[in-house]
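Undergrad: Heads up, the sequence shown is in our numbering, so the first residue is 5 and it goes up one at a time.
Have a look at this one before I ask anything.
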Amino acid sequence: RHRGKSQGEMIQELRAAQRERAVCSSGKDYARKPIGFMSGLALKRDVGLASTRLREEETYAPRQVEQRRRTVEEEELERQRDRQVHDREKQMHLQQLYEK
């Protein structure tokens, strides 16, 4: 049993419609720039709860996120330590200048 159009047919129709919108204009309207691949990925496609949950399950990567957080926190701590060491050295240098 077959319901509706196949995915390939729907993609062809979508591309044709976008091509027409990008090329055809009326009056002083300028032709629209076609949607790029990356910006097309950012468009919200599904509204259903099940499809949203499925997309989250497919794209969820907890280990990478935790590792990124750790590295960012470690970098921040290292910056603070470097700042403190630099401040101490500066204070010692100023102290030596003052004593002379």
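Note that the Cβ used here is the ideal one computed from N, Cα and C, for glycine as well.
Note that the structure is a prediction, hence the values are computed from the model and not measured.
In angstroms with no decimal places, state the Cα-to-Cα distance between residue 16 and residue 26.
TA: Counting from 1 along the sequence shown, the entry for residue 16 is found at position 12. Counting from 1 along the sequence shown, the entry for residue 26 is found at position 22. Cα to Cα, the separation comes out at about 15 Å.
Undergrad: For residue 106 and residue 39, what's the separation of their Cα atoms in angstroms?
TA: Because the chain here runs from 5 to 104, residue 106 falls outside it and cannot be looked at.
Undergrad: Which class does residue 102 belong to by DSSP, given the choice of helix, strand or coil?
TA: Position 98 of the sequence shown, counting from 1, holds the residue named residue 102. Note: residue 102 maps to helix in three-state DSSP.
Undergrad: With residue 15 as the anchor, note down where its alpha helix (DSSP H) starts and where it stops.
TA: As a first step, residue 15 is located in the sequence shown; it is residue number 11 there, counting from the start. Looking at the DSSP string, the run of the alpha helix (DSSP H) that includes residue 15 is 11-27.
Undergrad: Can you tell me whether residue 7 is helix, strand or coil according to DSSP?
TA: Along the sequence shown, read from residue 1 onward, the residue named residue 7 stands at position 3. In the structure shown, residue 7 sits in coil (DSSP, three-state: anything other than H, G, I, E or B).
Undergrad: Alpha carbons only, please: which of 85, 12, 19 is nearest the one belonging to residue 41?
TA: Taking the sequence shown and counting its residues from 1, one reaches residue 41 at position 37. Selected option, being the one with the closest Cα: 19.
Undergrad: Report the rounded CA-to-CA distance for residue 76 versus residue 90, giving the unit in angstroms.
TA: By one-based count along the sequence shown, residue 76 stands at place 72. By one-based count along the sequence shown, residue 90 stands at place 86. Rounded to the nearest angstrom, the two C-alpha atoms are 21 Å apart.
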